[in-house]
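Down below is the structure, laid out as structure tokens.
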Amino acid sequence: AQRALEALKQLTSPRAQVLRDGAVITIPARELVVGDIVRLAEGDRVPADLFLRSGTSVRVDESLLTGESAPVTRHPDPAAEVLPAPGGEGGAGLFS
20 AQRALEALKQ LTSPRAQVLR DGAVITIPAR ELVVGDIVRL AEGDRVPADL FLRSGTSVRV
80 DESLLTGESA PVTRHPDPAA EVLPAPGGEG GAGLFS
């Protein structure tokens with residue numbers, strides 16, 4: 020029973036795909052460090068507060084943070100350095 024619980028815990032714990040040493044690997048989100056490049060795909064949960072550096076604009080659900088029921092749009096910004104507060108349109112900040 021204990022092994023089954025541990026296996027379930029591994030399945031439900033947040034994970035992230037990161038670029039490290041030139042390869043994309045999957046790690047527990049708790050092991051993310053400042054400077055990691057995280058790869059997100061449609062339907063992924065944001066594993067930590069991040070900047071959207073490249074790609075296309077995305078629509079994200081921040082309802083748990085802001086109470087807003089509608090998704091907000093985030094735009095890539097390779098030079099972003101300060102995370103704005105959650106909510107509202109625009110900006111490059113993605114929040115966990």
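Residue numbers 20 to 115, in the numbering used here, belong to the letters of the sequence shown in order.
The beta carbon of each residue, even a glycine, is placed where N, CA and C say it ideally should be.
Computed from a prediction, not measured in an experiment: that's the story for all the values here.
In the same chain as Thr45, and ignoring 5 residues on each side of it, the C-beta atoms closer than 6 Å to its own belong to Arg34 and Gln36, in chain order.
A straight line joining the alpha-carbon of Leu59 with that of Val65 spans about 8 Å. Residues of the same chain with a CB within less than 8 Å of the CB of Ala67, apart from the 5 flanking positions on each side, are Ala35, Ala48, Leu51, Val57 and Ser115 in chain order. From the listed residues Glu81, Gly41, Ala20 and Phe70, the smallest Cα separation to Ala98 is found for Phe70. No residue range can be given for Leu51, since it is assigned to no beta strand (DSSP E) and is classified by DSSP as neither H nor E. The alpha-carbon of Val101 is positioned some 14 Å away from that of His94. If you draw a straight line from the Cα of Lys28 to the Cα of Asp63, it comes to about 18 Å. Comparing alpha-carbon positions, the option among Asp96, Val79 and Pro90 lying closest to Arg72 turns out to be Asp96.
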